[in-house]
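Residue numbers for the sequence shown follow UniProt numbering, so the first one is 1 and each next one is one higher. All C-beta atoms in this analysis are idealised placements derived from N, C-alpha and C, irrespective of residue type, glycine included. The structure presented is a predicted model; accordingly, all values stated were derived computationally and were not measured. The structure appears right after this line, and notes come after that.
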Amino acid sequence: MERITASLLHLERELTAHAQGAKQVFLRNSDTPTNVTQVAYGVFTKADYCELHTHPTMEECFFFLKGEGVYVVDDQTIPLNHGVFVRIPAGVPHRLEATGDDPLEYVYFGVATN
């Protein structure tokens, strides 16, 4: 049966694909027949960052819950705090960095475009 529920209490923490911060994955591509690549809860602590990169065939969406940070998306610098949503279209360069003393917490969705 496809995954229909998950809890942070029971999900293992793992390193993000960028070797910075941690995540707990609610849903992976292998859990669903859709184009969703991943749905996860993530945490970056102060000075954690992911390098400037692109995903040619994946769109990403982030909803920030707590903390402070900066998202550079193409030529925009977006300040991050509670309640900010950021959509990154496929192929657009982007870089995430935590800047505050408290952890930067977010929910992430990835969707394959091809």
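Do you know whose CA, among the options, lies nearest residue i's CA?
i, options, result
"His-94", "Val-72, Val-111, Gly-110", "Val-72"
"Leu-11", "Gln-24, Gln-20, Val-36", "Gln-24"
"Asp-75", "Phe-64, His-82, Leu-52", "Leu-52"
"Thr-45", "Leu-8, Val-84, Thr-77, Thr-16", "Thr-16"
Skipping 5 residues on each side, what residues in its chain have a beta carbon closer than 6 angstroms to that of residue i?
i, result
"Asn-114", "Thr-57"
"Phe-109", "Val-39, Cys-61"
"Cys-50", "His-18, Gln-20, Leu-96"
"Ile-88", "Glu-60, Val-73, His-94"
Please name the residue or residues paired with residue i in a DSSP beta bridge.
i, result
"Gln-38", "Arg-28, Gly-110"
"Pro-79", "Val-70"
"Lys-23", "Glu-14, Gly-42"
"Glu-59", "Val-111"
Going along the chain, which residues of its own chain have a beta-carbon closer than 7 angstroms to the beta-carbon of residue i, five neighbours each way excluded?
i, result
"His-79", "Looking at the sequence itself, residue 79 is Pro, so the reference to His does not match. Cβ neighbours of Pro-79 beyond the five flanking positions: Val-70."
"His-82", "Phe-64, Leu-65, Lys-66"
"Val-111", "Asn-35, Val-36, Thr-37, Met-58, Glu-59"
Contact defined as beta carbons within less than 8 angstroms: I believe residue i pairs with residue j. What is the distance between those atoms, to the nearest angstrom?
i, j, result
"Ala-6", "Phe-26", "4 angstroms"
"Glu-105", "Lys-66", "4 angstroms"
"Tyr-41", "Val-107", "6 angstroms"
Does residue i pass the burial test, meaning 16 or more other C-beta atoms within 10 Å, or should it be called exposed?
i, result
"Thr-54", "exposed"
"Ile-4", "exposed"
"Glu-68", "buried"
"Pro-103", "buried"
Among residues of its own chain, excluding the 5 on either side of residue i, which ones have a beta-carbon nearer than 8 angstroms to its beta-carbon?
i, result
"Gly-91", "Thr-54, His-55, Pro-56"
Consider the Cβ of residue i: report whether some Cβ of chain D lies at a distance smaller than 8 angstroms.
i, result
"Ala-17", "Absent from the structure: chain D. Only one protein chain is present."
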